[in-house]
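Trainee: In the working numbering, the protein residues as written are 1 to 337. This is the structure I want to talk about, given as structure tokens.
This is the structure we're talking about:
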């Protein structure tokens, strides 16, 4: 676990027991899996290693991951976050975020003689390769995702003349293709599974020959966190999702909780953001966190709830994740030197 996500349990934290979904009583149901996925852990460690090897400043294009705590912690250690590669002084080191970048960004970095570390999540890279594969075969590619999201911009940038973004139901009506036998859908990795398949069904109604991706594009961590929330949501009067407002997968967890039967659900970055009015009349509080959230923030929230009477915590487990990704090859090469 990276130092930007210290596994520290705050003083006074409740004891967590693992069980199925219990019945009755003032309690907390804690979803597992939750928090950091392998791609986020890899990206944060990549920035930390760059600081160790090269010293500050290290530039990062966009936020390395979508989490305020992680970004602020790294900024305090000498990381400079920029919106565009053009803001990085020539010859300096820049890290590309977990969300990925387009070939145009790589080309601009090369033109500016920047040293680069590509921390793109391998699961995002997989989707980039799918775009390239089907673009070479002259397919129309329908990319399901949220307009303006960094991952979508990077993925679409692999073949902008072949990719059409499908965000809303209205976008489905606007799609035009050249050959109904050569059209495929791909997706942003952090979407709601249910929402994505709803959009796929709408596209297939319009294009019966629509091909599916060679493998699931929605990442295992996004799916697992949604499944865990679904398993407990119907038992919860309130579900609190720890995550930042620019985190797509965190926002989807709020939506999933509500659709799965939670009476209310809210997204918070930190425990102090919880409105105590939300707890009025509440017995069961569900707690989870997005895939870019360090565990310390969840422990802080559990301690905050315990101070207010919700100290009985049961962990509801639907999967055990053991996936890990190797560091970016640029760092591995340094390690061998």
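Every residue, glycine too, gets a C-beta built ideally from N, C-alpha and C. Computed from a prediction, not measured in an experiment: that's the story for all the values here.
With three or more C-beta pairs closer than 8 Å as the rule, is the segment 216-229 touching the segment 27-45?
Mentor: Contact between the segment 27-45 and the segment 216-229 is present: three or more C-beta pairs spanning the two stretches fall below 8 Å.
Trainee: Check each candidate in 213, 204 and 140 and name the one with the smallest Cα separation from residue 160.
Mentor: When only C-alpha atoms are compared, the closest one is 140.
Trainee: Would you kindly work out how many angstroms separate the C-alpha atoms of residue 256 and residue 176, rounded to a whole number?
Mentor: 31 Å
Trainee: Jot down the residue ranges of each uninterrupted beta strand (DSSP E) in the segment 112-187, minimum 3 residues, whole runs only, in chain order.
Mentor: 115-118, 140-144, 163-166 and 183-187
Trainee: What does DSSP give as the partner residues of residue 288 in its beta bridges?
Mentor: 241
Trainee: With the cut-off set at 8 Å, would you say residue 135 and residue 143 are in Cβ contact?
Mentor: no
Trainee: Taking DSSP's pairing of strands, which residues face residue 80 in a bridge?
Mentor: 59
Trainee: Look up residue 99 in the DSSP assignment and say whether it is helix, strand or coil.
Mentor: coil
Trainee: Considering only residues of the same chain and omitting the five flanking positions on each side of residue 305, which have a CB-CB separation below 7 Å?
Mentor: 28 and 285
Trainee: For residue 153, which of 128, 325 and 303 has the nearest alpha-carbon?
Mentor: Checking every option, the nearest Cα to that of residue 153 belongs to 128.
Trainee: Mapping DSSP to helix, strand and coil, what is residue 210?
Mentor: coil
Trainee: Between 296, 99 and 203, which lies nearest to residue 219 when the distance is taken from Cα to Cα?
Mentor: 99
Trainee: Could you round the C-beta distance between residue 126 and residue 310 to whole angstroms and report it? I think they count as a contact, below 8 Å.
Mentor: So it is not a contact: roughly 40 Å between Cβ atoms.
Trainee: If you draw a straight line from the C-alpha of residue 195 to the C-alpha of residue 251, how long is it?
Mentor: Near 13 Å, if we compare the C-alpha coordinates of residue 251 and residue 195.
Trainee: Taking the beta strand (DSSP E) that residue 265 falls in, what are its first and last residues?
Mentor: 265-268
Trainee: What residues are listed by DSSP as bridge partners for residue 27?
Mentor: According to DSSP, residue 27 bridges with 284.
Trainee: Here's the rule: buried if 16 or more other CB atoms are within 10 angstroms of the residue's CB, otherwise exposed. What is residue 338?
Mentor: Outside the shown range of the chain, which is 1 to 337, sits residue 338, and nothing can be said about it.
Trainee: Looking at residue 50 and residue 105, is the spacing between their C-beta atoms short of 8 Å?
Mentor: no
Trainee: Excluding the 5 residues flanking residue 214 on each side, which residues of the same chain have their C-beta closer than 7 Å to its C-beta?
Mentor: 130
Trainee: Note down the Cα distance separating residue 246 from residue 314, rounded to an integer number of angstroms.
Mentor: 29 Å
Trainee: Below 8 Å between beta carbons: does that hold for residue 103 and residue 80?
Mentor: no
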